[in-house]
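Engineer: One structure is given below, represented as structure tokens, and several questions about it will come after.
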Amino acid sequence: MMPGSEPKPLPTIRRRWASGTVSCGNPTERSSPWLGPAGSPWPVAETTPHPVSFPRSFRTVIMDTTWITSLYDLIMAYALNVLGGILLLIGGWVVSRWVRSALFRGLSRTKLDPTLVKFFSNLAGWLVLIFAVLASLELFGIKTTSFIAVLGAAGLAIGLAFQGTLSNFAAGVQLLVFRPFRVGDAVRIAGHVGKVDEIDLFMTRLDTFDNRRLMIPNSKITGDIIETITYHPIRRVDVPVGTDYEADLDTVRAVLERAAATVEGALADPPPQVVLNELGGSSINWEVRVWAPTPDFLAVKQATLRAVKKALDEAGIGIPYPQMDVHLDGTLASFPNERPANG
């Protein structure tokens with residue numbers, strides 16, 4: 002306040018404050034009393050003009066509710082998206098469980114392998130859940146196209162890194178779909194013979210007949226010859242036999258046929274056979290063939306060997322060893338026993 006000037010009445014200051022025309026100033030160290038509307042003294046600090054003014058009055062800011070409406074709209078828009086995304090995730094999780102359970106029950110009634118039934122039902126459930134997650138990301142405002150591209154690139158890198166594992170997985174699906182053998186079958190796979198204990202998507206567990214557990218990757222099985230030994234209910238037992246050249250062929254045949262007919266555990270139908278195979282270097286080679294139930298194959302083979310050997314011994318027919326007769330024409334040359342002395 003300038004010296005000698007009168008203080009402005011309070012209503013004037015109020016009007017100017019409400020209209021936003023009051024300037025901010027720097028207070029001076031001196032203050033002068035003046036009478037307010039009630040007549041009581043009111044110390045007011047003198048100010049000097051300041052170039053910065055209030056842009057709007059407090060009354061205008063308080064009375065303006067546009068920002069409240071904008072904030073409300075913003076909250077409601079994002080809240081609805083967030084709530085919708087959460088509900089979509091929950092719904093997707095529930096639907097995925099229902100799809101997994103329904104597909105498992107449906108496929109269990111088919112002839113599919115139980116391992117494959119479980120795999121397909123879990124795969125369907127995961128696909129439904131992934132779809133729900135992608136839809137939720139769209140509600141949150143996240144572009145799923147770039148997200149899917151990143152997942153595709155990551156999947157390609159993972160596929161290259163786990164190429165061997167994926168080949169085993171593909172081979173496992175092939176084994177479970179086409180089923181060249183089943184759990185419990187005796188097989189020859191990857192050069193090993195044994196009983197199949199379990200088939201999964203990556204490897205096959207094989208128990209050998211001398212009680213060893215083998216874990217064979219599925220890719221090695223499908224890339225090689227598979228022999229299912231117990232596929233048919235009956236098998237033929239082939240026993241090779243060699244006899245002396247001095248023995249009569251008809252007599253040998255009759256003896257071997259009687260032996261084959263007395264084999265314990267052998268089947269009468271198909272009937273046993275005795276086949277003359279070849280005239281070997283040391284013996285006449287025969288083959289005795291009898292049929293046996295697949296579970297009794299080894300027992301019938303042992304019984305056939307025993308019956309053939311016993312019948313040949315009783316008939317006086319020998320089983321020759323491999324031998325070579327050497328005939329010399331003339332006299333043998335003599336060699337000195339002592340070496341000549343070195344000169």
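According to my numbering, the sequence shown is numbered sequentially starting from 2.
Every residue, glycine too, gets a C-beta built ideally from N, C-alpha and C.
1) For a quick check, are the C-beta atoms of Phe141 and Gly93 less than 8 angstroms apart?
2) Counting beta carbon pairs with one atom in the region 224–235 and one in the region 290–309, are three or more of them shorter than 8 angstroms?
3) Quick one: what's got a C-beta closer than 7 angstroms to Asp201's C-beta in the same chain, skipping five residues either side?
4) Do you know whose CA, among Leu167, Gly185, Ala248 and Tyr246, lies nearest Ile230's CA?
5) In angstroms with no decimal places, state the Cα-to-Cα distance between Pro271 and Ser168.
6) Just list the residues that DSSP pairs Thr263 with in beta bridges.
7) So for Leu277, helix, strand or coil by DSSP?
8) Is the beta carbon of Phe203 closer than 8 angstroms to that of Phe170?
9) Beta-carbon within less than 7 angstroms of Arg213's beta-carbon, same chain only, minus the 5 sequence neighbours each way: which residues are those?
10) Which stretch, first to last residue, makes up the alpha helix (DSSP H) that contains Arg307?
11) Is DSSP giving Thr231 helix, strand or coil here?
12) Considering only C-alpha positions, which residue in the set Lys302, Arg101, Arg189 and Val134 is nearest to Leu124?
13) What first and last residue would you give for the beta strand (DSSP E) that runs through Lys196?
14) Under 8 angstroms by Cβ, that's how I've got Arg275 and Glu258 pegged, so tell me the actual separation to the nearest angstrom.
15) So, for Ile190: in the same chain, excluding its five sequence neighbours on each side, which residues have a beta-carbon less than 6 angstroms away from its beta-carbon?
16) Looking at the structure shown, is Val240 part of a helix, part of a strand, or coil, going by DSSP?
17) For Gly281, I'd like the list of residues in its chain whose CB is within less than 8 angstroms of its CB, leaving aside the five on either flank, ordered along the chain.
18) Just the Cα atoms here: how many angstroms apart are Thr145 and Ala80?
Structural biologist: The relevant details are as follows:
1) In the sequence shown, counting from the first residue as 1, residue 141 sits at position 140. In the sequence shown, counting from the first residue as 1, residue 93 sits at position 92. No.
2) yes
3) Taking the first residue of the sequence shown as position 1, residue 201 is located at position 200. Closer than 7 angstroms at the Cβ level, and outside the excluded window around Asp201, lie Thr116 and Gly173.
4) As a working mapping, residue 230 is identified with position 229 in the sequence shown. Closest by alpha carbon: Gly185.
5) Your numbering for residue 271 matches position 270 in the sequence shown. Your numbering for residue 168 matches position 167 in the sequence shown. Between Pro271 and Ser168, the C-alpha separation is close to 43 angstroms.
6) For this step, residue 263 is matched to residue 262 along the sequence shown. According to DSSP, which records beta bridges pairwise, Thr263 is partnered with nothing at all.
7) Against the sequence shown, residue 277 aligns to sequence position 276. It is a strand residue.
8) Translated into the one-based positions of the sequence shown, residue 170 becomes position 169. Translated into the one-based positions of the sequence shown, residue 203 becomes position 202. Going by C-beta atoms, Phe170 is nearer than 8 angstroms to Phe203.
9) Here the question's residue 213 lines up with position 212 in the sequence shown. Contacts found: none.
10) In the sequence shown, counting from the first residue as 1, residue 307 sits at position 306. Looking at the DSSP string, the run of the alpha helix (DSSP H) that includes Arg307 is Phe298 to Ala316.
11) The sequence position of residue 231 within the sequence shown is 230, counting from 1. Correct three-state label for Thr231: coil.
12) Against the sequence shown, residue 124 aligns to sequence position 123. When only C-alpha atoms are compared, the closest one is Arg101.
13) The residue labelled residue 196 in the question sits at position 195 within the sequence shown. It spans His193 to Ile200 - the beta strand (DSSP E) in which Lys196 sits, taken as one unbroken run.
14) In the sequence shown, the residue the question calls residue 275 occupies position 274. In the sequence shown, the residue the question calls residue 258 occupies position 257. According to the sequence as given, residue 275 is Val; it is not Arg. Correct: roughly 5 angstroms between the Cβ atoms.
15) For the purposes of this step, residue 190 is taken as the residue at position 189 of the sequence shown. Only Ile222 and Ile227 meet the Cβ criterion.
16) In the sequence shown, residue 240 corresponds to position 239, counting from 1. Residue state, collapsed to three classes: strand.
17) Counting from one through the sequence shown, the residue named residue 281 turns up at place 280. Only Gly243 meet the Cβ criterion.
18) Residue 145 sits at position 144 when you count from the first residue of the sequence shown. Residue 80 sits at position 79 when you count from the first residue of the sequence shown. Between Thr145 and Ala80, the C-alpha separation is close to 20 angstroms.
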